[in-house]
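When we follow the UniProt record's numbering, the leftmost residue of the sequence shown carries the number 1, and every step to the right adds one.
Quick notes on the structure that follows.
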Amino acid sequence: MDTKDTDIFKVLANETRLQILHWLKEPEANFPPQDVDPHTVGVCVGSIQKKTGLAQSTVSHYLSMLEATGLIVSTRQGQCTYYRRNEEAFSEFVTHVATEL
Numbered sequence: 001m002d003t004k005d006t007d008i009f010k011v012l013a014n015e016t017r018l019q020i021l022h023w024l025k026e027p028e029a030n031f032p033p034q035d036v037d038p039h040t041v042g043v044c045v046g047s048i049q050k051k052t053g054l055a056q057s058t059v060s061h062y063l064s065m066l067e068a069t070g071l072i073v074s075t076r077q078g079q080c081t082y083y084r085r086n087e088e089a090f091s092e093f094v095t096h097v098a099t100e101l
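In structure tokens, the structure reads:
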């Protein structure tokens, strides 16, 4: 198992980070309407922070961890950074787990 696998498992071990990934899977059902397409651009960090109820710094740290593993990607537009799931990374990880572990 390589370092990236270990990092992904560590990131997924946190309930809030898992919840964020779950919410981002169906952004229209979990967040207020965005000014952008939530599947191609993402959900504004402010909306994610508000939904978690956690401090902005904590949410930013969690999102940075998720992004470092490749499970989410960010896009900066104007004053907001938007986050969306990287479905290709999920597919690759699931395939890797199924074939290697």
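Backbone N, C-alpha and C fix where the C-beta goes; we use that ideal spot for every residue, glycine too.
Only a predicted model underlies this, so the values are computations on that prediction, with no experimental measurement involved.
Is it buried or exposed, Thr69, if we count other Cβ atoms within 10 angstroms and call 16 or more buried?
Looking up residue 69 in the sequence shown gives position 69. By the neighbour-count rule (16 or more Cβ atoms within 10 Å), Thr69 is buried.
The region 12 to 19 in contact with the region 73 to 90 per 3-pair CB rule at 8 Å:
no
So, under 8 Å CB-CB, Leu63 and Phe90 are touching, yes? Tell me the CB distance rounded to an integer number of Å.
Along the sequence shown, one-based indexing puts residue 63 at 63. Along the sequence shown, one-based indexing puts residue 90 at 90. Not quite, the Cβ-Cβ distance comes to about 16 Å (not below 8 Å), so this is no contact.
Taking contact to mean 3 or more Cβ pairs, one atom from each stretch, closer than 8 Å, check whether the region 39 to 58 and the region 90 to 99 are in contact.
no
Delimiting residues of the beta strand (DSSP E) encompassing Gln77:
Taking the sequence shown and counting its residues from 1, one reaches residue 77 at position 77. From DSSP, the beta strand (DSSP E) with Gln77 extends over 72 to 77.
Nearest-angstrom Cα separation, counted from Gln49 out to Ala55:
In the sequence shown, the residue the question calls residue 55 occupies position 55. In the sequence shown, the residue the question calls residue 49 occupies position 49. Going by the C-alpha atoms only, they are around 7 Å apart.
If we require 3 or more residues per run, which beta strand (DSSP E) segments fall completely within the UniProt domain "HTH arsR-type" (1 to 101)?
72 to 77, 80 to 85
Thinking C-alpha only, which one of Asn30, His96, Val41 is nearest Asn86?
The sequence position of residue 86 within the sequence shown is 86, counting from 1. Residue Val41 is the option with its Cα nearest to Asn86.
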